[in-house]
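Numbering (UniProt numbering), first residue to last: 1 to 253. Okay, structure first, notes after.
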């Protein structure tokens, strides 16, 4: 699959993979901050997200293959790859399947373990929005607020609504497929291979996604992993502490 991407800057290639319900658009500011230090930053849209193609097929193995295809199509040599949440799991699958295609990894606030599905309220809320009869974004937010109480989370999710050329509203995400396959987002790793390249795990100090007891599982796959905590940040580390986030990446790279 040919993924949509946004490129910022010139220099050593750094790839960014977003989380579920996200897109490359969410990473514009971070990409610019990194690129200003002499890097070519490629922020990608995963399949069924943003402006990348839609597909009835959705799995981490496929998304790892999509990433490999992107690297080959763009003739990128040993890029650094950053993945947040779902993007971090995609990167982990990619690293085990294509161990010679990258130089370093940054995995943001996700561990190589099973996470019970916790997006049910989001799926319900998004599906409750009647785009065909939607008059404006305020109506969409009012409806979504019945399911998602956090204002910032609602604003993030509603970035997936856009106006088409004929003035109607549509989704940037493939909502039917994500609704059907949401259980896969938290999936475990059944075929584990050791990855020897340097890997930085960045976790939010106030997040509940990576605990100290997860470190042995991380080290089993990534024996050369470093785990760094950004205090005062939750799961959205890059949005809540952007300066600290970028500095950690620059120090590691």
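Where is the CB? At the ideal position from N, CA and C, for every residue including glycine. These numbers were taken from a predicted model, which means no experiment stands behind them.
For a test of the three-state rule: what should DSSP assign to residue i, helix, strand or coil?
i: residue 186; result: helix
i: residue 125; result: helix
i: residue 219; result: helix
i: residue 93; result: helix
i: residue 99; result: coil
i: residue 181; result: helix
i: residue 137; result: helix
i: residue 58; result: coil
i: residue 145; result: coil
i: residue 27; result: helix
Taking all protein chains shown into account, decide if residue i is buried (16 or more other Cβ within 10 angstroms of its Cβ) or exposed.
i: residue 142; result: exposed
i: residue 109; result: buried
i: residue 3; result: buried
i: residue 8; result: buried
i: residue 137; result: exposed
i: residue 88; result: buried
i: residue 132; result: exposed
i: residue 154; result: buried
i: residue 233; result: buried
i: residue 64; result: buried
Out of the options, which one is the CA nearest neighbour of residue i?
i: residue 115; options: 69, 210, 196, 222; result: 210
i: residue 235; options: 83, 105, 37; result: 83
i: residue 171; options: 39, 15, 58, 53; result: 53
i: residue 122; options: 183, 104, 168; result: 183
i: residue 220; options: 85, 67, 90, 193; result: 193
i: residue 71; options: 13, 87, 86, 55; result: 13
i: residue 90; options: 78, 101, 67, 103; result: 67
i: residue 26; options: 251, 176, 238; result: 238
i: residue 254; options: 36, 176, 146; result: The question about residue 254 has no answer, for the chain in this structure spans 1 to 253.
i: residue 161; options: 147, 146, 135; result: 135
i: residue 55; options: 181, 215, 251; result: 181
i: residue 190; options: 92, 244, 140, 144; result: 92
i: residue 58; options: 28, 29, 174, 163; result: 174
i: residue 140; options: 169, 164, 38; result: 169
i: residue 156; options: 144, 165, 241; result: 144
Just to confirm, are residue i and residue j a CB contact at a threshold of 9 Å?
i: residue 118; j: residue 186; result: yes
i: residue 62; j: residue 5; result: no
i: residue 34; j: residue 249; result: yes
i: residue 158; j: residue 20; result: no
i: residue 195; j: residue 76; result: no
i: residue 41; j: residue 17; result: no
i: residue 217; j: residue 79; result: no
i: residue 254; j: residue 31; result: Nothing in the structure corresponds to residue 254, since the chain is present only between 1 and 253.
i: residue 47; j: residue 86; result: no
i: residue 198; j: residue 252; result: yes
i: residue 200; j: residue 107; result: yes
If you measure from the beta carbon of residue i to each beta carbon in chain C, is any gap under 9 Å?
i: residue 200; result: Of the chains in the structure shown, none is chain C; there is only one protein chain.
So, do the region 199–206 and the region 119–134 have three or more beta carbon pairs nearer to each other than 8 Å? Because the criterion of three Cβ pairs below 8 Å is not met, the region 199–206 and the region 119–134 do not touch.
Does the region 94–102 come into contact with the region 226–233, if we say contact requires no fewer than three beta-carbon pairs (one atom in each stretch) closer than 8 Å? At 8 Å Cβ cutoff, the stretches do not touch.
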